[in-house]
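So the sequence shown is numbered by this note's numbering: it starts at 563 and just counts up by one.
Think of the CB as a built atom: it goes at the ideal place given N, C-alpha and C, for glycine as much as any other residue.
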Amino acid sequence: MASPASEEQYRREQEAFVSNHGGTTPQEIIYTLLPNVCGVLLTTTILAVFRDYTHRNVRVVIEFVLTVIPSILCCTILSGYVGTVCVVMILISAANISVLGIKGKGTVRKGTNFLGLPMRPVTGKRPFITNFRALTNIITAICILAVDFRIFPRKFAKTEAFGHSLMDTGVGLFIFANALVAPEARDLSSHRQAGFRETLTKNMKNCIQSCLPLLLLGFGRFAIVECIAYQKHVTEYGIHWNFFLTLALVKLFTGMITSTINSEYSLFSGIWILGMHEYIMSTTGLKAWVLSNEPRNDFFSANREGLISIPGYVGLYFISVAVGRLIHSTYRNAEREYTLQHTHKDVSVKLFGFQLDASYNESMTLCIKLSLISAQACIATLFCDMYFNVSRRLANVGYCTWILTLTTILLTLLLLVEIVLDITDYAASESHVESKTERLRRYFRLNLKKCVESKRDGDKECVIRRTLEIFDAINYNGLFFFLLSNLLTGLVNMSMYTLYAQQTVALSILVVYMAVSVSSILILYRLQISFKL
């Protein structure tokens, strides 16, 4: 392994290595992320096939090998073979589903569904949201270290001014993932439970409590970076600014705004904020100033990227809340409908003289809604890219519509995977009471909502969906996982010259790095230790 003439020279090489990149196409970014979705399907079906032969810890290893390692490979040495990886994953998953159908000729074990997984009510967390949030953290963690190695394609590194890149999506995906499960997204009431003053006081108290740890992390990161002379990509956030400070201010401003505007108007709030953000930047010269090489001789100019981009992220947050409200309201309305009417949704179509009857549930309805949103967001992104360009540094309207497009596509695909697994579960399994056809019918008609009280022991048997344990663990301590990844990234960079690492060495380090991060967070999850940052 070669070495630089001096530490200062190497630091300059590192900064140059991650700077001045133009990115790639949005299609390639979506293409690169597809193996993550296929990995969920593959892992779930493989664990189901071998459910009787695997220990809990072995299952975790399988989860890591089939979800995290493919993500590492597709972001590095296999970035040119993503299509092949996806095809292989889908074919193996299809074979697994066939095996499950053959093995399903028997009774379903009590306390588990056909996939052999522990039961939990569907009315709680949405598995596809859990998967999306966990994958966001995993992809971000991989990229923040991989970018320092030469095996990471430069087209995936952060863009300098305009364009699309994989790493540019990180902060946008993170804000979107947090907004999906925010109180504003879950609270579907149209009226305030308290007056303006009480709401403002409560929101500000909660905001300060949640912002303080982020502010401390942000200032702490800046102090450490300055003390150890760690490399800085100045045009990312600025000289002193960083991701934690951006997240803190976004929390603060969104808390203040939701004190005055009801969450049901989140979509309009987000669109208005983004519109004003773009208008002010374009008419006042802010856009040109942020992207220029003007001196950074005071705090505001030194951190202009981080400060000017905040309104964009606030607008993105509110639009994300609107998507979250759509998701939660779809399930809640379907549950209320079934409770009151005990009916199911049917569609009947006459085609070429044949009468086609089918039933559908809320997941399928939501899948269509999300796909329509992604199509509309895609059109908006193309329009904005034509007139405003897409800039992560500015968090402009083009960037926010691009993030909306990407996230809704991923959510649609993850929800589709969930639907396929549920249909497979119910179509393939066969109990001593119901035929396969009857079970498939019950899947659609009961919307996976009805819990049957066991007369023998009083336990509730609920048809459920399931997520991977490492995904649950990451979501349980999401921000701590990101913080740990940052610390380990810094440790690796201080321990070796990443620019001169051989391909096998770089890959080995990335795998070990992710293994340490995931195993640490998994231990905390099993011990039920949560760090509320």
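Residue range of the alpha helix (DSSP H) that includes residue i
| i | result |
| --- | --- |
| S568 | Per DSSP, S568 belongs to no alpha helix (DSSP H) and is neither H nor E. |
| A744 | Where A744 is concerned, there is no enclosing alpha helix (DSSP H), given that its DSSP letter is neither H nor E. |
| A937 | 924-949 |
| R618 | 618-625 |
| R866 | 866-870 |
| F1044 | 1040-1057 |
| K813 | 805-822 |
| Q1065 | 1065-1088 |
| I701 | 689-708 |
| I634 | 631-637 |
| S798 | In the sequence under discussion, the amino acid at residue 798 is Glu, which differs from the Ser named in the question. Looking at the DSSP string, the run of the alpha helix (DSSP H) that includes E798 is 796-799. |
Alpha carbon of residue i to alpha carbon of residue j, nearest angstrom
| i | j | result |
| --- | --- | --- |
| I700 | M651 | 19 Å |
| S925 | G601 | 20 Å |
| G817 | F880 | 11 Å |
| R613 | F718 | 37 Å |
| Y1104 | E746 | Here the chain covers residues 563 to 1095 and nothing more, so residue 1104 does not appear. |
| T808 | G868 | 7 Å |
| V627 | N804 | 32 Å |
| V630 | S828 | 34 Å |
| I639 | Y1062 | 16 Å |
| V1054 | L662 | 43 Å |
| F806 | I1083 | 20 Å |
| K813 | G732 | 17 Å |
| C705 | R759 | 43 Å |
| G645 | L1049 | 33 Å |
| I833 | F950 | 15 Å |
| Q771 | L604 | 40 Å |
| A703 | M1058 | 19 Å |
| F533 | Y841 | Only positions 563 to 1095 of the chain appear in this structure, which leaves residue 533 out of reach. |
| V885 | Y572 | 44 Å |
| L609 | C789 | 47 Å |
| V1014 | A939 | Summary for V1014: the model assigns pLDDT 34, below 50, so the residue's position carries little reliability, and this model does not support an answer. |
| V1073 | F830 | 43 Å |
| R894 | V649 | 36 Å |
| G642 | I835 | 39 Å |
| A578 | G800 | 16 Å |
Residue(s) in a DSSP beta bridge with residue i
| i | result |
| --- | --- |
| T586 | H726 |
| T846 | Answer is none; T846 lacks a bridge partner. |
| T721 | H583 |
Local Cβ density within 10 Å of residue i, reported as buried at 16 or more and exposed below that
| i | result |
| --- | --- |
| C962 | buried |
| H617 | exposed |
| A791 | exposed |
| S1092 | exposed |
| C929 | buried |
| R954 | buried |
| A744 | buried |
| K794 | buried |
| Q576 | buried |
| P689 | buried |
| P588 | buried |
| V709 | buried |
| I1085 | exposed |
| N865 | buried |
| Y1078 | First, the amino acid is wrong: residue 1078 is Val here, not Tyr. With fewer than 16 Cβ atoms within 10 Å of its Cβ, V1078 is classed as exposed. |
| I870 | buried |
| R621 | buried |
| K720 | buried |
| R887 | buried |
| A810 | buried |
| K1022 | Interpretation of K1022 is limited by its pLDDT of 37, a score under 50 that renders its predicted location unreliable; no figure is taken from the coordinates. |
8 Å CB neighbourhood of residue i in its chain, flanking five on each side removed
| i | result |
| --- | --- |
| N582 | E722 |
| V647 | P597, C600, P632, L635, C636, L640 |
| L978 | C929 |
Neighbourhood of residue i by C-beta, 7 Å cutoff - its chain only, sequence neighbours within 5 removed
| i | result |
| --- | --- |
| R1018 | Its pLDDT being 35, under 50, R1018 is placed unreliably in this model, and the coordinates cannot settle the point. |
| I659 | T607, T986 |
| S936 | T967, T970, I971, T974 |
| L778 | none |
| G1052 | Y792 |
| T927 | T892 |
Own chain partners of residue i with C-beta closer than 6 Å, once the 5 adjacent residues on each side are dropped
| i | result |
| --- | --- |
| M843 | K849 |
| G725 | G584, G585 |
| M1076 | V630 |
| N1037 | T692, R695, A696 |
| Q1065 | I713 |
| C942 | Checking the sequence, you will find Ala at residue 942 rather than Cys. Here the set comprises T963. |
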